[in-house]
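Right, one structure below, let's go through it.
Residue numbers (mature numbering (1 follows the signal peptide of the UniProt record, and there is no 0)): -18 to -1, 1 to 158.
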């Protein structure tokens, strides 16, 4: 009996504690805007906004390219806004709250680009430059404002081949 009373008190304390963590701005929040448009080709667009200042939007072609953004106010009162593009090259977020790439990293990448790695061929003595992937250096140069055009989704319809005549089979001398 004492154990049951202890369990009930712990549950009541947990319920009270849980209600403390809900900010006043979120208690009476309601949706101001909620839009969704989906096209048969897989392209879509949605947007939402709540009464406590949270807003977001996204558009794209499902599984191929997506772009959008969201914004809210942090518990410290700082407005947080992020925009992003996600495509075959990766996910690229942009926002003032996201840490920037340090200058020494950018300088190191520039040095590597200008001074490619060279290897001396053991047999011929020839010095060869090792090719770097140029796309790897573009990661830090991408401009989020580049327009991304949704492409059409690849067809998943199976291709059917119609034969105009039956395939010929030739019997070898062993099969006869």
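Glycine is no exception: its CB is placed at the ideal position from the N, C-alpha and C atoms.
1. Quick one: grab the DSSP three-state call for residue -12.
2. Three or more C-beta pairs under 8 Å: does that hold for the stretch 68 to 76 against the stretch 38 to 51?
3. Pull up the distance between the alpha-carbon of residue 61 and that of residue 35, whole angstroms please.
4. Nearest CA to the CA of residue 65: which residue from 56, 79, 59?
5. Quick check on residue 36: does DSSP put it in helix, strand or coil?
6. Take residue 97 as the anchor and find which of 18, 110, 52, 19 has the nearest alpha-carbon.
7. Would residue 26 pass as a contact of residue 14 if the rule is Cβ separation under 9 Å?
8. Report all residues from its chain with a CB closer than 8 Å to the CB of residue 103; omit the five preceding and five following residues, and keep chain order.
In terms of the structure at hand:
1. helix
2. yes
3. 10 Å
4. 79
5. coil
6. 110
7. no
8. 109, 110
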